[in-house]
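Working notes for the structure below.
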Amino acid sequence: MKAPDRDTEMNRAERATKAGDILDSLYARPPIPLDHSDPFTLLVAVLLSAQTTDKKVNEVTPELFALAPTPATMACTEVATIQHCIRQIGLAPTKAKNLRATAELLMSRHDGEIPRTLDELEALPGVGHKTASVVMSQAFGVQTFPVDTHIHRLAARWGLSNGTTVVRTEADLKAVFPQDTWNRRHLQFIYFGREHCPARGHDLATCPICGWAATKKRIREERASR
98 MKAPDRDTEM NRAERATKAG DILDSLYARP PIPLDHSDPF TLLVAVLLSA
148 QTTDKKVNEV TPELFALAPT PATMACTEVA TIQHCIRQIG LAPTKAKNLR
198 ATAELLMSRH DGEIPRTLDE LEALPGVGHK TASVVMSQAF GVQTFPVDTH
248 IHRLAARWGL SNGTTVVRTE ADLKAVFPQD TWNRRHLQFI YFGREHCPAR
298 GHDLATCPIC GWAATKKRIR EERASR
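Here it is in structure tokens:
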């Protein structure tokens with residue numbers, strides 16, 4: 098009898114449970130990778146992290162936070178000065194304008210406080226759904242599951258989602274992982290991707306999770322593209 102394909106051997110929920118056990122064994126208490134001291138500095142760091150590594154963000158934020166650590170001080174800082182502080186990261190001109198505009202909006206509409214709803218956060222300049230979700234999760238402890246392109250890739254490799262967008266992938270991941278694990282799962286995905294499951298040059302067959310979760314077809318396709 099022909100052996101069953103991996104797609105039928107284990108459903109998404111079973112894959113999620115097994116993957117979750119592995120992630121918990123590797124990263125029981127995953128730290129937040131972006132250096133910050135409060136919700137505002139976290140918001141700034143996450144906004145800066147788009148199309149830039151967390152490592153690079155952590156290299157530029159000390160100078161920025163020494164100059165403008167609060168919405169009030171950021172709102173009074175010239176865009177050119179902000180841009181100079183973050184000049185080493187991608188999209189620095191746009192991000193500098195958004196930081197100044199966000200700080201001004203926080204002062205005029207929120208009394209200098211970081212709003213605690215997704216809708217209010219997403220209304221801030223340069224703050225998308227993923228950034229807002231990270232702030233809700235890591236600053237306020239609300240269970241969210243922020244999905245970026247890296248988590249989107251892992252979810253597809255592991256057979257947890259076939260969504261073509263991060264929005265669809267987020268919904269799929271929320272459906273297969275218990276809600277009280279979402280915050281740590283998000284961080285665990287990030288660390289696992291960096292240390293075990295990179296985007297390029299990765300042999301899925303030898304990966305601690307892809308090795309059993311990825312379909313034979315997926316393994317062949319990624320091997321052929323290397």
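In this note's numbering, the protein residues as written are 98 to 323.
The C-beta atom is built at its ideal place from N, Cα and C for all residues, glycine as well.
Counting C-beta atoms within 10 angstroms of its own C-beta, Gln-276 has fewer than 16 neighbours from the protein chains shown and is therefore classed as exposed. In this structure Ala-252 is in contact with Thr-266, their Cβ atoms being roughly 5 Å apart against a cut-off of 8 Å. About 6 Å separates the beta carbon of Ile-306 from that of Trp-255, a gap short enough to meet the 8 Å contact definition. DSSP places Thr-262 in the coil class of the three-state scheme, outside both helix and strand. Between Pro-222 and Thr-246, the CB-CB gap reaches or exceeds 8 Å.
CA-CA distance, Val-176 to Met-233, rounds to 26 Å. In its chain, beyond the 5 residues on either side, Met-204 and Gly-209 have a beta carbon closer than 7 Å to the beta carbon of Ala-169.
Closest in alpha carbon position to Glu-111, among Val-239, Ala-310 and Arg-317, is Ala-310. By the criterion of a C-beta distance shorter than 7 Å, Ala-113 is surrounded in its chain by Leu-257, Val-273 and Phe-274, once the five residues flanking it on both sides are discounted. A direct Cα-to-Cα measurement between Lys-192 and Met-107 gives close to 43 Å. CA-to-CA, the gap between Val-263 and Thr-149 works out to about 18 Å.
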